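Participant: Per the working numbering, the sequence shown starts with residue 12, numbered consecutively. Don't be surprised by glycine CBs; every beta carbon is placed ideally from N, CA and C. Please read these numbers as outputs of a predicted model, since none were measured by experiment.
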Amino acid sequence: MAETIDAIDIEYTEDDKVVVKQLDKNVLTRGSWTTIMFLYQELDKNTEEYGPAKVSIRRYQKRNGVYRQQSKFNISSAKQANEMILALQKWYPKDGTFVPEGTVTDEGE
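Dropping the structure here:
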């Protein structure tokens, strides 16, 4: 368990082998509740090689001076990641003009 957000990681070692290798980390929110997105690879125990990169989004809560994981969501394929990207870009466009489907506007009447 980590005392600071910067100390939180998901790298995991078992029998002197890095089983989960953290490649990158992006802190999405900071505070007593923090959300972090990790890029990582898992070691295939049969081939001893790392598999494709995956993403994990995790929420941590700080209690009694340490951050504890409360929930996680793993994105396990590029297809799933790209579907999420498309949906997020639709819902949160850069220009802020998105109107959800089915919403009635003055212009459409």
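When the Cα atoms are used, what is the spatial distance from Ser-82 to Gln-72?
Facilitator: Within the sequence shown, residue 82 is the residue found at index 71, counting from 1. Within the sequence shown, residue 72 is the residue found at index 61, counting from 1. Using only the alpha carbons, I get a separation of about 10 angstroms.
Participant: Figure out for me which residue from Glu-25, Glu-112, Asn-93, Ser-43 has the closest Cα to the Cα of Val-121.
Facilitator: The structure shown does not extend to residue 121, since the chain is modelled only from 12 to 120, so the question has no answer here.
Participant: In this structure, does DSSP put Glu-60 in helix, strand or coil?
Facilitator: The sequence position of residue 60 within the sequence shown is 49, counting from 1. In this structure, Glu-60 counts as strand in the three-state DSSP scheme.
Participant: In the DSSP output, what is Asp-55 paired with across the bridge?
Facilitator: Position 44 of the sequence shown, counted from the first residue, corresponds to residue 55. Looking at the DSSP assignment, Asp-55 forms a beta bridge with Glu-60.
Participant: Spatial neighbours of Gln-52 within its chain, please: C-beta separation below 8 angstroms, excluding the five flanking residues on both sides.
Facilitator: Taking the first residue of the sequence shown as 1, we reach residue 52 at position 41. Taken in chain order, the residues that qualify are Val-31, Lys-32, Leu-34, Tyr-61, Gly-62, Pro-63, Ala-64, Lys-65.
Participant: What residues are listed by DSSP as bridge partners for Trp-44?
Facilitator: Sequence index remark: in the sequence shown, residue 44 carries index 33 (1-based). In DSSP, Trp-44 forms a bridge with Gln-72.
Participant: Assuming Leu-54 and Met-48 make a contact with CB atoms under 8 angstroms, what is their CB distance in whole Å?
Facilitator: Taking the sequence shown and counting its residues from 1, one reaches residue 54 at position 43. Taking the sequence shown and counting its residues from 1, one reaches residue 48 at position 37. So it is not a contact: roughly 21 angstroms between Cβ atoms.
Participant: Quick check on DSSP: helix, strand or coil for Ile-86?
Facilitator: By 1-based counting over the sequence shown, the position of residue 86 is 75. Ile-86: strand per DSSP, three-state reduction.
Participant: What three-state label does DSSP hand Lys-65 in the structure shown?
Facilitator: Working through the sequence shown from its first residue, we reach residue 65 at position 54. Three-state DSSP puts Lys-65 in a strand.
Participant: For Asp-17, does the three-state DSSP call read helix, strand or coil?
Facilitator: Translated into positions along the sequence shown, residue 17 becomes position 6. DSSP places Asp-17 in helix when its eight states are reduced to three.
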